[in-house]
Amino acid sequence: MDHEPVSPAVGYRFTYGGRTLLISGDTAQSDNIRRFAEGIDLLVHEALSPEIIGMMEHTAKSLGNEILAKVMFDVPDYHASPREAAETARDAGVGHLLYYHVVPPIIVPGQETLWLNGAGDIFPDYTVGYDGVSFSLPANSTEIIQTRKGM
């Protein structure tokens, strides 16, 4: 995982019964993830909206909160955007993309569209993960079943 200056950062790849999933861990877009995600069933990828975080940085600056503004300035450097995660999913040929560790949290109607910023046009087979969302990958199958929607 590419999460400098914060280190170490790890991801996990699981294979069982002819099925594979990869959990990215905190990371910027990375060729390493793309390589390990090649042809997998489910890519569970963290993502951060640089556009919304940029608005938060601007607001923090305007309020005189330089510490928060600095954090908001720095974090996009070591987190993938939804579009970058979608590019990774597309380029690796994954079956489904599940966004998790969604930053900032999606809390108001319409915010998901802003957060995605067109990522669905890059890779349309995705789910934005909310608390409680779950998937099943039946062994020796190609099915990817969302068993709970979350929230």
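Letter by letter, the sequence shown follows residues 1 to 151 of the working numbering. We put the CB at the ideal spot given by N, CA and C, even for glycine.
Rounding to the nearest angstrom, what Cα-Cα distance links residue i and residue j in this structure?
| i | j | result |
| --- | --- | --- |
| ILE23 | GLY39 | 14 Å |
| GLY95 | TRP115 | 22 Å |
| TYR130 | LYS149 | 8 Å |
So the alpha helix (DSSP H) residue i belongs to, where does it begin and stop?
| i | result |
| --- | --- |
| SER62 | 50 to 62 |
| THR27 | Segment: none, THR27 is in no alpha helix (DSSP H) and carries neither H nor E. |
| GLU84 | 82 to 92 |
Using DSSP bridges, identify the partner residues of residue i.
| i | result |
| --- | --- |
| GLN146 | PHE135 |
| PHE73 | According to DSSP, which records beta bridges pairwise, PHE73 is partnered with nothing at all. |
| GLU46 | TYR100 |
| ARG19 | TYR16 |
Taking the continuous beta strand (DSSP E) assigned at residue i, which residues delimit it?
| i | result |
| --- | --- |
| VAL102 | 96 to 103 |
| VAL108 | Looking at the DSSP string, VAL108 is not in any beta strand (DSSP E), and its letter there is neither H nor E. |
| TYR126 | 126 to 128 |
Using the three-state DSSP reduction, which class does residue i fall into: helix, strand or coil?
| i | result |
| --- | --- |
| ALA119 | helix |
| GLU66 | helix |
| ILE40 | coil |
| ASN32 | helix |
Answer yes if the stretch 57 to 64 comes into contact with the stretch 25 to 34, meaning at least three C-beta pairs across the two stretches below 8 Å, and no otherwise. They do not touch, by the three-pair rule.
Inter-stretch contact at 8 Å, needing at least 3 Cβ pairs: the stretch 105 to 123 / the stretch 47 to 58: Result yes; three or more Cβ-Cβ pairs closer than 8 Å.
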